[in-house]
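Colleague: Structure in structure tokens, see below.
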Amino acid sequence: MRMRSLMIAFLTLCFLTANVVASSDDYYQPLVPSPQGNTIINWRMVEVPELAVQWGWTGEGAWLAENESIMAFNITTLDEYITGNLTIGNFTIEANNTDVARELVLGVWGLTPFFPGLVVAIGQDNLDDLNATAYASAERVLGNYLNGTMESSYEPIVAGGTSYDCIVFDYEQDPSGYGEPQRTYLAYDTMTGVLVKANTSVTFANEYILVLELQSILPPGSDIQSTLPPGSDILLIVGGLSVVAIVVIVVVVIKRR
1071 MRMRSLMIAF
1081 LTLCFLTANV
1091 VASSDDYYQP
1101 LVPSPQGNTI
1111 INWRMVEVPE
1121 LAVQWGWTGE
1131 GAWLAENESI
1141 MAFNITTLDE
1151 YITGNLTIGN
1161 FTIEANNTDV
1171 ARELVLGVWG
1181 LTPFFPGLVV
1191 AIGQDNLDDL
1201 NATAYASAER
1211 VLGNYLNGTM
1221 ESSYEPIVAG
1231 GTSYDCIVFD
1241 YEQDPSGYGE
1251 PQRTYLAYDT
1261 MTGVLVKANT
1271 SVTFANEYIL
1281 VLELQSILPP
1291 GSDIQSTLPP
1301 GSDILLIVGG
1311 LSVVAIVVIV
1321 VVVIKRR
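Residue numbers (our numbering): 1071 to 1327.
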């Protein structure tokens, strides 16, 4: 009975770990929170609104920042929903990637929402899905207030003196008769999925403009850990499972003797 319990525990561990790998494998592994801590991504805020910007509709607060200040996102959960602590100007809030995209206008709120936000899933299949969603969000169909022109491309983008291979989205809303149309430019590094550059603006009651440029990605832990290549976390998990499997086999052999 004891051996059966051990085997059940081992298989359960394998199952749970496989689920973790499957959910996090779509993202650049150094971004995934670990026992060593969380990754922090920093952007330089090249241009920001002059007036305070309300966050949400239920009294969460408002943010006000200065040009050339730093916006930081401390990732606390990275699976189907990317959640972290966002610090922008005088304001800090826990928010998921979709909330951030919606509140900072880093996307298109069409009939098909396109809210890529600060980090996107990597891999060609995920990027193809993201691209399809981007075009659907701007589609000229009845009831889509944000219909317009969406263009995408793959090209190198330079930020902070570093060149990144990016998927780029360039959107311009059709004139609506209410203020200036939304214009949103977003570039994501295809290796890390991190937002490299953003330039988004819209005028309704007030003029809103936000220009971001990636400054740094700071993984947790030592210098050795920070130099591990993408996928290292998976290798460590597989290695750990291998050790567990060996221990179980040894116990089985001893019991049979």
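The C-beta atom is built at its ideal place from N, Cα and C for all residues, glycine as well.
#1: DSSP puts V1184 in a beta bridge; with which residues?
#2: Would you report the Cα separation of A1275 and G1249, rounded to the nearest angstrom?
#3: Please tell me whether I1110 and F1143 are closer than 9 Å, where the distance is taken between their beta carbons.
#4: Measuring straight from C-alpha to C-alpha, what distance separates Q1106 and V1178?
#5: Within a Cβ cutoff of 6 Å, which residues of the same chain sit near Q1243, ignoring the five residues on either side of it in sequence?
#6: Mind pulling the alpha helix (DSSP H) runs of 4 or more residues that sit fully within the segment 1169 to 1248?
#7: On the CB-based measure, 16 or more other CB atoms within 10 Å of its CB, does D1259 come out buried or exposed?
#8: Roughly how many whole angstroms lie between the Cα atoms of I1279 and C1236?
#9: Where does M1261 land, buried or exposed, given buried means 16+ other C-beta within 10 angstroms?
#10: What first and last residue would you give for the beta strand (DSSP E) that runs through S1286?
#11: Quick check on the burial criterion: 16 or more other C-beta atoms within 10 angstroms. Buried or exposed for Q1124?
#12: Please give the ranges of any alpha helix (DSSP H) in the segment 1089 to 1177, keeping only runs that are unbroken, at least 4 residues long and fully inside the region.
#13: Is the separation between the beta-carbon of V1264 and that of L1282 shorter than 9 Å?
#14: Reducing DSSP to helix, strand and coil, say where S1312 ends up.
#15: Hey, how far is the Cα of V1228 from the Cα of S1286?
#16: Could you tell me whether the segment 1097 to 1105 touches the segment 1183 to 1200, where touching means 3 or more Cβ pairs closer than 8 Å?
#17: Indicate whether G1159 and N1214 have their beta-carbon atoms separated by less than 9 Å.
#18: Taking a contact to mean a Cβ-Cβ separation below 9 Å, would you say T1157 touches N1166 in this structure?
Modeller: In brief:
#1: As written in the sequence, residue 1184 is Phe, which differs from the Val given in the question. According to DSSP, F1184 bridges with V1178.
#2: 8 Å
#3: yes
#4: 35 Å
#5: L1216, G1218, P1251 and Q1252
#6: 1194 to 1207
#7: buried
#8: 22 Å
#9: exposed
#10: E1277 to L1288
#11: exposed
#12: 1167 to 1174
#13: no
#14: Below a pLDDT of 50, predicted positions are generally treated as unreliable, and S1312, at 41, falls in that range; no measurement from the model is reported.
#15: 13 Å
#16: yes
#17: no
#18: no
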